[in-house]
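Just so it is clear: in the first sequence, position 274 is 280 by my numbering, and no numbers are missing.
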Amino acid sequence: MNNKTIRAIKGTQDILPEESIKWQSLEDQIRKITSHYGYHEIRTPAFEKTKLFSRSVGEETDIVSKEMYSWTDQGGEDLTLKPELTASVARAFIQHNLGRINPINKLYYIDALFRRERPQKGRYRQFHQFGVEAFGSEHPEIDAEVIALAISIFKSLGLEGLKLNLNSIGSPECRINYRAALQKFLKPHFSELTETSQKRFNDNPLRILDTKASHEIKILEDAPNISDYLTNEDQTHFNEVIEYLDILEIQYKLMPRLVRGLDYYTRTTFEITSSNLGAQNAICGGGRYDGLTEMLGGKPTPGIGFAAGMERVLLLMKSKQFNKNKVQIYIVSLGEKTRATVIKLAQDLRNQSLNTEFDLLRRSLKAQLKEANKMNVKYAIIIGDKELESNQLEVKDFLTGNQQKVELNKIIEHMNSLSF
RNA sequence: GUGGGUGUAGCUCAAUAGGUUAGAGCACCUGAUUGUGGUUCAGGAGGUUGUGGGUUCGAGACCCAUCACUCACCCCA
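Have a look at this one:
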């Protein structure tokens, strides 16, 4: 391959027709299930003010500190391609006063996001997520509904071997207490911690819980659990979420170490993982963010949502069969005199909602039939000089090979009467 | 940002230990006498072996650099 040809940017990919039918089928499923749950689509711009993300996602997170595609535009504004969606949706929610129009707002999205990470399996620089955000209710029913919705989508896609991990990180007050307790516990081990953990010790000690370094995991075995620091209200809330999940017969695993990376999470956090994905095994992550709208200057409004990585979901759907749109009729033409008739006939058939193709390369009869065969058409209509003169077209059944003559002015009616 | 692996035709891969003109399968195109697809047969097109340098009488192969892809770390969906 020529070195000078322009290629797609690293970490981005073209979705060719063979792939895009899978995307369409996934998107159809998402729209169907979310509508069963009463969620409506929201679409937000591809880029936002940089401030939006630094304020909501958190200055110290990897996303904001090193992964955003940001630039200053000609007017001197600092802008960023969306690295995640909750912040954008919350911004739109506030901007349009959705909370005043309706006390509860249930939104879903399917969108492209951008992060400048080193690509690997299931991780790209432009990637796609679907997800939901529900604003307005602090009650555990909505936590359960959101989780059930996610599970329901994955189930409808036929995914197997998924695990739901669940935790509550409480409200800001108890996090402050827990944070202090964790720091106190870790202090004697400080010198044993990795460099990044040492850095997090002050900035965001909860994220040390996420470590994968085995010696740190060992140290953390005896660390205090956040569940012991939850307020009564937080504990009651979490218990009710669990109770609902039991009623809905949704399996979960309590994971006291599950703290989500982004600053805006409160109370319920969850993730759904698959063992069939390699290192990037989370297909869905979410949780409650009761303080987010306030953090962004809006009226305090509780909220909860999740985001799922579509590329990762598609990796799991690999074995599934997808149906391409079938070509139903191929019009074979012979000789230049027939061309006008063919193009008009194709148009008429297409207007009847029949998927119709004809030869665009002025190829031989044989080549056209070959093409028709490759497309797996049900019928071919053959028009040559003979047929043009007699007004009798040949309609060939590709399965049986049988042909019958049909008058030109009855062909639409005839084709409509056939089964495809 | 760090580390490993891999770069040969559109795709999947060959090319003994460095030795002529780099091959095969699939896909593509043409043909097998008049205007009929699938199967078969015959033929054709398609490559500066990612790129640049080096070692050698001789490099697809060995060495160095570079780029790309890929997997993993960090982190995340």
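No residue lacks a Cβ here, since even glycine has one placed at the ideal position from N, Cα and C.
Proximity below 8 Å, CB of residue i to CB of residue j
i: Gly137; j: Ala288; result: no
i: Leu268; j: Ile100; result: no
i: Gln352; j: Thr344; result: Rather than Gln, the amino acid found at residue 352 in this sequence is Ala. Not closer than 8 Å, so no.
i: Ala386; j: Ala378; result: yes
i: Leu188; j: Gln135; result: no
i: Lys127; j: Gly341; result: no
i: Ile107; j: Ser143; result: no
i: Ile175; j: Thr299; result: no
i: Leu170; j: Tyr295; result: no
i: Pro211; j: Leu226; result: no
i: Ser41; j: Leu168; result: no
i: Leu394; j: Thr347; result: yes
i: Gly293; j: Arg266; result: yes
i: Ile48; j: Ala118; result: no
i: Thr66; j: Lys88; result: The question names Thr, yet the displayed sequence has Glu at residue 66. Not a contact, by the Cβ cut-off of 8 Å.
i: Tyr45; j: Leu104; result: no
i: Ile389; j: Leu399; result: yes
Neighbourhood of residue i by C-beta distance below 7 Å, restricted to the same chain and skipping five residues each side
i: Ala93; result: Leu58, Phe59, Ser62, Val63
i: Leu360; result: Gln334, Ile335, Met421
i: Glu33; result: Ile116
i: Thr56; result: Ser76, Asp84, Leu85, Thr86
i: Ser162; result: Gln35, Ile39
i: Lys330; result: Ile27
Residue range of the beta strand (DSSP E) that includes residue i
i: Ile337; result: 335-339
i: Glu83; result: That residue, Glu83, is in no beta strand (DSSP E); it is neither H nor E in DSSP.
i: Gly137; result: 132-141
i: Tyr114; result: 111-120
i: Thr362; result: 362-364
i: Lys55; result: 53-55
Residues of its chain near residue i, where Cβ-Cβ distance is below 6 Å and the 5 sequence neighbours each way are ignored
i: Met381; result: Val333
i: Gly17; result: Pro125, Tyr130, Arg131
i: Ser233; result: Pro262
i: Asp354; result: Ile418
i: Cys290; result: Ala156, Ile278, Phe312, Ala314
i: Tyr270; result: Ser62, Tyr295, Leu298
i: Arg121; result: Glu73, Pro89
Residue i beta carbon near the ligand GTP (any heavy atom closer than 7 Å)
i: Ser203; result: This structure simply doesn't include the ligand GTP, nor any ligand for that matter.
Beta-carbon proximity list for residue i, same chain, < 8 Å, skipping 5 on both sides
i: Glu151; result: Tyr43, Ala140
i: Ile223; result: Thr217
i: Asp391; result: Leu340, Gly341, Lys343, Thr344
i: Asn415; result: Asn397
i: His221; result: Glu198
Where residue i falls, given that 16 or more other Cβ within 10 Å makes a residue buried
i: Gly407; result: exposed
i: Gln358; result: exposed
i: Asp365; result: buried
i: Phe426; result: exposed
i: Arg273; result: buried
i: Ser339; result: buried
i: Pro178; result: exposed
i: His243; result: buried
i: Leu236; result: buried
i: Glu201; result: exposed
i: Arg368; result: exposed
i: Arg13; result: exposed
i: Ala96; result: buried
i: Glu413; result: exposed
i: Arg356; result: exposed
i: Met7; result: With a pLDDT of only 44 at Met7, under the threshold of 50, the placement of this residue in the model should not be trusted, and no figure is reported.
i: Phe133; result: buried
i: Phe196; result: exposed
One or two residues paired with residue i in a DSSP bridge
i: Gln410; result: Val401
i: Cys290; result: Ile278, Ala314
i: Arg129; result: Gln126
i: Ser76; result: Thr86
i: Leu260; result: Leu172
i: Ile389; result: Ser339
i: Gly309; result: Phe141
i: Gln46; result: What sits at residue 46 in the sequence shown is His, not Gln. Looking at the DSSP assignment, His46 forms a beta bridge with Leu113.
i: Thr272; result: Arg294
N- and C-terminal bounds of the alpha helix (DSSP H) containing residue i
i: Thr92; result: 92-101
i: Ile39; result: 23-42
i: Asn173; result: Note, Asn173: premise wrong, no alpha helix (DSSP H); beta strand (DSSP E) at 168-174.
i: Lys88; result: First-last for Lys88: undefined, no H or E at that position.
i: Phe191; result: 178-192
i: Glu419; result: 417-423
i: Glu151; result: 146-162
i: Ser197; result: Neither: Ser197 is in no alpha helix (DSSP H) and is coded neither H nor E.
i: Lys324; result: No alpha helix (DSSP H) holds Lys324; DSSP gives it neither H nor E.
i: Leu351; result: 345-357
i: Thr67; result: Taken as a continuous stretch (DSSP letters only), Thr67 belongs to no alpha helix (DSSP H), as it is neither H nor E.
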